[in-house]
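> The listed protein sequences derive, respectively, from chains A and B. For the first sequence, my numbering gives the first residue as 0, with consecutive numbering after it. For the second sequence, my numbering gives the first residue as 629, with consecutive numbering after it.
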Amino acid sequence: GAVVSQHPSWVICKSGTSVKIECRSLDFQATTMFWYRQFPKQSLMLMATSNEGSKATYEQGVEKDKFLINHASLTLSTLTVTSAHPEDSSFYICSALSGSNNEQYFGPGTRLTVT
Amino acid sequence: QQQVKQSPQSLIVQKGGISIINCAYENTAFDYFPWYQQFPGKGPALLIAIRPDVSEKKEGRFTISFNKSAKQFSLHIMDSQPGDSATYFCAASGNAGNMLTFGGGTRLMVKP
Chain A
0 GAVVSQHPSW VICKSGTSVK IECRSLDFQA TTMFWYRQFP KQSLMLMATS NEGSKATYEQ
60 GVEKDKFLIN HASLTLSTLT VTSAHPEDSS FYICSALSGS NNEQYFGPGT RLTVT
Chain B
629 QQQVKQSPQS LIVQKGGISI INCAYENTAF DYFPWYQQFP GKGPALLIAI RPDVSEKKEG
689 RFTISFNKSA KQFSLHIMDS QPGDSATYFC AASGNAGNML TFGGGTRLMV KP
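1) Give the C-beta separation of GLU687 (chain B) and ILE676 (chain B) to the nearest angstrom, bearing in mind that I take them to be a contact with Cβ-Cβ under 8 Å.
2) Quick check: what's the CA-CA separation for LYS696 (chain B) versus SER638 (chain B)?
3) Mind checking who GLU684 (chain B) pairs with in its DSSP beta bridge?
4) List the endpoints of the continuous beta strand (DSSP E) containing ARG36 (chain A).
5) Using the DSSP secondary-structure output, state which residues sit across from PHE661 (chain B) in a beta bridge.
6) Got a sec: is the Cβ-Cβ distance from ARG735 (chain B) to anything in chain A below 9 Å?
7) Return the chain-ordered list of same chain residues with a C-beta closer than 7 Å to the C-beta of THR74 (chain A), the five sequence neighbours on each side being excluded.
8) Would you tell me roughly how many angstroms separate the C-alpha atoms of LYS13 (chain A) and PRO85 (chain A), rounded to the nearest one?
9) Give me, in chain order, the residues of the same chain whose beta-carbon lies closer than 7 Å to that of ILE640 (chain B); leave out the 5 immediate sequence neighbours on both sides.
10) Can you list the residues of chain B that ILE92 (chain A) reaches, using a CB-CB cut of under 8 Å?
11) Return the residue from the list B:THR729, B:GLN642 and B:PHE701 that minimises the CA-CA distance to ILE678 (chain B).
12) Nearest-angstrom Cα distance between SER721 (chain B) and MET727 (chain B)?
13) Taking C-alpha atoms, which residue in B:GLY644, B:TYR664, B:ILE646 and B:ALA698 lies nearest to GLY732 (chain B)?
14) Give the DSSP-derived three-state secondary structure of GLU21 (chain A) in the structure shown.
15) Say whether chain E places a C-beta atom closer than 9 Å to the C-beta of GLY688 (chain B).
16) Taking 9 Å as the cut-off, decide whether the C-beta atoms of ILE68 (chain A) and SER49 (chain A) are in contact.
17) So with Cβ pairs under 9 Å, would you call GLY792 (chain B) a contact of chain A?
The structure is reproduced here in structure tokens:
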């Protein structure tokens, strides 16, 4: 089946630093990847849509200069949280769109804690 | 984003019972309705999905019922097991792969 990985699975960083999260489609190519944020006991909120070779499309209220998204290849998208603050602590989940069946496959998530 | 309303927020079912989770949507342009299962600390996993051209879809113990006129769809888990204890999310999109709009989630606990 289609597998999506994320790295790291968890990360702790200090306030003011930046952290990069990778999302990889392991056995299929994904022209589109999505980034979500999930706070405890809440639903997934779409942050941005990442298209290979072009700029990401951000949802309303998501700061594009704070959450930098790069989709440099058909199997890799990265989310960089810049100048992280404690309120950025959350569970970040990516999904990848398979071109063969048009299904979204989700990664296992990355737990970010900003101290 | 258009809303997808999910209920109940939490559900407790005895082992062997039927778990029923309901969702309602507003956007008539939605034509793809997946259900996801999420365990704590994990990403969501696709359980089952339906398109509006059918009123019901069954896969094993999981069944989606779809009512296009009422703009509602539901997930039924037959013979619920403790291992089914998880959070379930309904979602909707304009077509498979497009931006998904998620419901608020239902935390299911199946008691042994």
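From the three backbone atoms N, C-alpha and C, an ideal C-beta is built for every residue, glycine too.
The relevant details are as follows:
1) 5 Å
2) 25 Å
3) B:SER693
4) That run of the beta strand (DSSP E) goes 31-37.
5) B:ILE678
6) yes
7) Once the five neighbours on either side are set aside, the close Cβ partners of THR74 (chain A) are ARG23, SER24, GLN28 and ALA29.
8) 9 Å
9) MET737 and LYS739
10) GLY671 and PRO672
11) B:PHE701
12) 6 Å
13) B:TYR664
14) strand
15) Absent from the structure is chain E; the protein chains it does hold are A and B.
16) yes
17) The structure shown does not extend to residue 792 (chain B), since chain B spans only 629 to 740, so no value can be given for it.
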